[in-house]
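Okay, so the sequence shown: first residue is 2 according to this note's numbering, each after it adds one.
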Amino acid sequence: DLHDFMQSVTNGLKREIPEEGEGDDNNNDELMAVMTVIRDVRKKMESVPELFGPQKECVQILRRYGVDVLNDEVAGKKLQDFLEEIPLAWDAVVKKTFRKKEDILPMQMAAVDSLK
Numbered sequence: 002d003l004h005d006f007m008q009s010v011t012n013g014l015k016r017e018i019p020e021e022g023e024g025d026d027n028n029n030d031e032l033m034a035v036m037t038v039i040r041d042v043r044k045k046m047e048s049v050p051e052l053f054g055p056q057k058e059c060v061q062i063l064r065r066y067g068v069d070v071l072n073d074e075v076a077g078k079k080l081q082d083f084l085e086e087i088p089l090a091w092d093a094v095v096k097k098t099f100r101k102k103e104d105i106l107p108m109q110m111a112a113v114d115s116l117k
């Protein structure tokens, strides 16, 4: 689900890539792992925001028919709070992803140069 994906991305972006020369094979593995996380976020950038509207509509339809779901919990939060916060949380994950992409750009270039 989306919450688990965002948690996984956040953890993946926290990976530290050691400076060049400190275990180069491990550096490359870490760099590739971070690049994979960035790719995964880019693949979902358009589809995830499209989920937010229908999720709220589903809750409204359920409430209209007398099903109280607002007291249910998702990821340890009340559903209403979760639905209000998730778009902001997604935006924060996307911003972190692009910040990390900028941070690793020199390492990507060095890896490309080493292949030449």
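All C-beta atoms, glycine included, are put in the ideal place defined by N, C-alpha and C. Keep in mind that this is a model prediction, so the values were computed, not measured.
For I39, collect the residues of the same chain with a Cβ closer than 6 Å to its Cβ; drop the 5 residues on either side in sequence, then sort them by chain order. Result list for I39: T98 and K102, in chain order.
Flag this pair as yes or no: are the beta carbons of L71 and Q81 separated by less than 8 Å? The criterion of a C-beta distance shorter than 8 Å is satisfied by L71 and Q81.
So the candidates are L3, D73, R100 and T11; which of them puts its Cα closest to the Cα of E51? When each option's Cα is compared against that of E51, the closest is L3.
Whose C-alpha, out of R16, S9 and V49, is nearest the C-alpha of D92? V49 is the residue among R16, S9 and V49 whose C-alpha sits nearest the C-alpha of D92.
Nearest-angstrom Cα separation, counted from K57 out to A111: When rounded, the distance between both Cα atoms is 45 Å.
Pick from L84, G67 and R65: whose alpha carbon is nearest that of E74? Here the closest residue by C-alpha is L84.
Cβ neighbours of A76 in the same chain (closer than 8 Å, five flanking residues each side left out): Correct list, in chain order: H4 and F83.
Can M46 and V94 be called in contact, C-beta distance under 8 Å? Their beta carbons are not under 8 Å apart, which means M46 does not touch V94 by this criterion.
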